[in-house]
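Add 62 to a position in the sequence shown, counting from 1, and you land on the number used in the numbering used here.
Cβ atoms here follow ideal geometry from the backbone N, Cα and C, with glycine treated the same way.
Data block below; observations after.
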Amino acid sequence: MIGWGDWRRAVWAVAATVAVSAGAGAAGTATLSALTRLEPGLWQLRDLDQPKAAQRSICIADPILLMQLQHRDAPCSRLVVSDADRGAVVHYTCQTSGFGQTALRVETPRLVQIDTQGIVDNRPFALRAEARRIGRCAARR
């Protein structure tokens, strides 16, 4: 027999999943306090575990994409594990390409620390990175 605590946790998990799935689109940033402080634009990523690796730059229109760097172009549902002004943890699932969990700590509106891991295209990934906003995104022609 299912106990009251088990039933309550199951209902809470379903409600959280539905709420996150509904808010996973463009309004995703509004639900994360930590991300409301960040500025869209051109961000440079530096791998903290491989200091000699080339840095890469990405254009971020919506800072929620910093939470799913390995699945930036995939439609994903998100479950907010924790959220505060200085950081957030999000678990996300992408229907066709995998899943991940990201912890993001906001140092300033232009500097964040990211720790993410999961599965992308049936392969594990793990990344600890520093992301720094370096300017505006180039205009598209």
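Residue(s) in a DSSP beta bridge with residue i
i, result
"K120", "Looking at the sequence itself, residue 120 is Ile, so the reference to Lys does not match. According to DSSP, which records beta bridges pairwise, I120 is partnered with W105."
"R140", "Y154"
"P186", "I181"
"D145", "A150"
"R195", "W105"
"A165", "V151, D177"
Candidates the options, of which the one nearest residue i by Cα
i, options, result
"A136", "R198, D147, S159, I176", "S159"
"A191", "C199, I181, G197, V174", "V174"
"G162", "A188, P113, S144", "A188"
"G180", "P171, T155, P102, T93", "T155"
"A165", "T178, P171, R172, A115", "T178"
"L100", "V151, H153, R194, L141", "R194"
"I126", "V143, S144, T93, R108", "T93"
"D109", "I176, A201, T170, R134", "I176"
"N184", "C121, Q132, P102", "Q132"
"G103", "S139, L128, L141, S144", "L128"
Simplified DSSP assignment, three categories, for residue i
i, result
"Q130", "helix"
"T170", "strand"
"A96", "helix"
"A84", "Below a pLDDT of 50, predicted positions are generally treated as unreliable, and A84, at 38, falls in that range; the measurement from the model is reported next regardless. Three-state DSSP puts A84 in a helix."
Whole-number beta carbon distance between residue j and residue i, since they are thought to touch under 8 Å
i, j, result
"V168", "A123", "Incorrect: roughly 18 Å between the Cβ atoms, too far for contact."
"Q106", "Q117", "5 Å"
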